[in-house]
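J.: Numbering (our numbering), first residue to last: 1279 to 1664.
Where is the CB? At the ideal position from N, CA and C, for every residue including glycine.
Before I ask anything, let me first share the structure, which is written out below as structure tokens.
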Ligand SMILES: [Zn+2]
């Protein structure tokens, strides 16, 4: 997707925006059984809730988004769109096994943070292409330190750890590998946060016709190479979760935000168990809100109210060159549509339909103080500035 020429200013500099991310970063979807819920007209702005307009006007943070290759000419329309919705982005730099790309993302993030501190926060990452070399760990910490010096609030680890990266003996490297401990200790010592996309939705290990949401089904149909159900050599879903949980056990004073609902997306009860067990753990919702939408509405609503301090709104929206581009004029529209549909889901109890979910469902009409935490306050709590 890209801006039309009306926004791009010159024919050679079109701003490309995509609703999913880095090539390998999946914009996972949702579908499946739908819960028909009775309307709950008791909630709304008059009852301690918030209208869509009030939510749009409130300062917010999208705690999971990506920028790569955005030119200076493209910055204006992008930042203007964020300001229109009163959003700041946590721009997450990612994929250590693609070091050239990661360095470009870091360069962009540093520039944007410097120029637009009100709208851009960022997370750095580190090289994994040099995995196994004697100096890889030292180099990783140096890159992280440089990021912190440029106001990065977090360090990203991606699903390549557990699903792609291997040792010379052919064994997959898992996130609880002791060789990562000094990295995590360093992040903790600097008062920063680990943002961890580990594993995939459980759907990734299921056949297409058993997946619960349509965007997962579409993604894995389009990308069989990432469909773990077809690749039994990849450590399974439970091993991915166990390795991530082992990190939480080993580093109880390290703040960890699990991307994509911490890969616990399929059951809010299971997520709740993790929150109870690990006080140092929160999750962002990026590309997984549909997994709430296929679960029972009141259960999800009660869960969000109970764990209102542990949930961060996020989308996985992405902007910049190097991303998938599918046509003119659709980029701004994707950002606009994503935010508008999410305002409606969280703030109202209206009937809603989205392509990711089969069937209709109702919005959650969350109380105003819960919306304020999920969309704003929790970000600074889980990603302190210093
Ligand atoms: Zn992402």
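Have a look at residue 1561 and residue 1410 and give me their C-alpha separation to the nearest angstrom.
T.: The alpha-carbon atoms of residue 1561 and residue 1410 are separated by roughly 30 Å.
J.: What is the DSSP secondary structure of residue 1598, reduced to helix, strand or coil?
T.: Three-state DSSP puts residue 1598 in coil, outside helix and strand.
J.: Can you give the beta carbon distance from residue 1340 to residue 1365, rounded, assuming they're within the 8 Å contact cut?
T.: About 5 Å separates the two Cβ atoms, so the contact holds.
J.: Residue 1362: buried (16+ other C-beta within 10 angstroms of its C-beta) or exposed?
T.: Classification for residue 1362: exposed.
J.: Going by C-alpha distance, which of 1610, 1576, 1401 is nearest residue 1640?
T.: Considering only alpha carbons, the answer is 1576.
J.: Which residue from 1327, 1333, 1592 puts its Cα closest to that of residue 1565?
T.: Closest by alpha carbon: 1592.
J.: What first and last residue would you give for the beta strand (DSSP E) that runs through residue 1536?
T.: Residue 1536 -> beta strand (DSSP E) spans 1533 to 1536.
J.: Whose CA, out of 1429, 1532, 1449, 1445, lies closest to the CA of residue 1387?
T.: Selected option, being the one with the closest Cα: 1429.
J.: Please classify residue 1479: is it buried, with 16 or more other beta-carbons within 10 angstroms of its beta-carbon, or exposed?
T.: Per the 10 Å Cβ criterion, buried.
J.: Determine the burial state of residue 1297: buried for a count of at least 16 other Cβ atoms within 10 Å of its Cβ, exposed for fewer.
T.: Its pLDDT being 34, under 50, residue 1297 is placed unreliably in this model, and the value from its coordinates should be taken loosely. So residue 1297 counts as buried.
J.: My understanding is that residue 1407 touches residue 1375, with C-beta atoms under 8 Å, so please give their C-beta distance in whole angstroms.
T.: At roughly 6 Å, the Cβ-Cβ gap stays under 8 Å, so residue 1407 and residue 1375 are in contact.
J.: Taking only the alpha-carbon atoms, compute the straight-line gap between residue 1579 and residue 1330 and give it to the nearest angstrom.
T.: Each residue's alpha carbon lies about 17 Å from the other.
J.: Would you list the one or two residues that DSSP bridges to residue 1433?
T.: Beta-bridge pairing links residue 1433 to 1402, 1472.
J.: Please state whether DSSP places residue 1413 in a helix, a strand or coil.
T.: Coil at residue 1413, not helix or strand.
J.: Is residue 1620 near ligand 2, in the sense that its beta carbon is under 7 Å from a heavy atom of that ligand?
T.: Ligand 2 is absent from the structure shown, which contains only ligand 1.
J.: Would you call the stretch 1522 to 1536 and the stretch 1490 to 1497 touching, i.e. three or more CB-CB distances under 8 Å?
T.: These segments do not touch.
J.: Which of helix, strand or coil does DSSP assign to residue 1342?
T.: Strand, per DSSP.
J.: Quick one: which unbroken alpha helix (DSSP H) runs of 4-plus residues sit fully inside the stretch 1437 to 1466? Chain order, please.
T.: Runs of the alpha helix (DSSP H) inside the stretch 1437 to 1466: 1438 to 1441.
J.: Would residue 1509 be called buried (16 or more neighbouring beta carbons within 10 Å of its own) or exposed?
T.: By the 10 Å Cβ count, residue 1509 comes out exposed.
J.: Classify residue 1287 as helix, strand or coil using the three-state DSSP reduction.
T.: Bear in mind that a pLDDT of 29 at residue 1287, under 50, signals an unreliable position, so the number given afterwards is only what the model happens to contain. Coil at residue 1287, not helix or strand.
J.: Tell me where the beta strand (DSSP E) around residue 1633 begins and ends.
T.: Premise fails: residue 1633 is in no beta strand (DSSP E) and is neither H nor E.
J.: Report the option in 1663, 1477, 1359, 1559 whose CA atom is closest to the CA atom of residue 1596.
T.: Cα-wise, what sits closest to residue 1596 is 1359.
J.: Could you tell me if residue 1475 is buried or exposed, where buried requires 16 or more neighbouring beta carbons within 10 angstroms of its beta carbon?
T.: With 16 or more other Cβ atoms within 10 Å, it is buried.
J.: To the nearest angstrom, how far is it from the Cα of residue 1467 to the Cα of residue 1627?
T.: Roughly 43 Å separates the two Cα atoms.
J.: Is the beta carbon of residue 1564 within less than 7 Å of some heavy atom of ligand 1?
T.: Flag set: Cβ of residue 1564 near ligand 1.
J.: Taking the alpha-carbon of residue 1516 as reference, which of 1541, 1573, 1505, 1571 has the nearest alpha-carbon?
T.: The shortest C-alpha separation from residue 1516 is found at 1541.
J.: Kindly indicate which residue of 1590, 1378, 1385, 1369 has the alpha-carbon position closest to the one of residue 1401.
T.: Selected option, being the one with the closest Cα: 1369.
J.: Would you tell me roughly how many angstroms separate the C-alpha atoms of residue 1459 and residue 1503, rounded to the nearest one?
T.: So the two alpha carbons sit approximately 30 Å from each other.
J.: Over the uninterrupted beta strand (DSSP E) stretch that includes residue 1562, give me the two end residues.
T.: From DSSP, the beta strand (DSSP E) with residue 1562 extends over 1559 to 1562.
J.: Measuring straight from C-alpha to C-alpha, what distance separates residue 1456 and residue 1616?
T.: Roughly 39 Å separates the two Cα atoms.
J.: Taking residue 1390 and residue 1384 to be in contact with their CB atoms under 8 Å, please state how far apart those CB atoms are, rounded to whole angstroms.
T.: Between residue 1384 and residue 1390 the Cβ distance is about 11 Å, and since that is not below 8 Å, they are no contact.
J.: By the DSSP assignment, the alpha helix (DSSP H) with residue 1386 in it spans what residues?
T.: 1377 to 1393 is the extent of the alpha helix (DSSP H) around residue 1386.
J.: Could you check whether the Cβ of residue 1594 sits closer than 7 Å to any heavy atom belonging to ligand 1?
T.: Yes, since a heavy atom of ligand 1 falls inside the 7 Å radius drawn around the Cβ of residue 1594.
J.: Less than 8 Å between CB atoms is the rule here; does residue 1662 satisfy it with respect to chain C?
T.: In summary, chain C is missing from the structure at hand, where a single protein chain is found.
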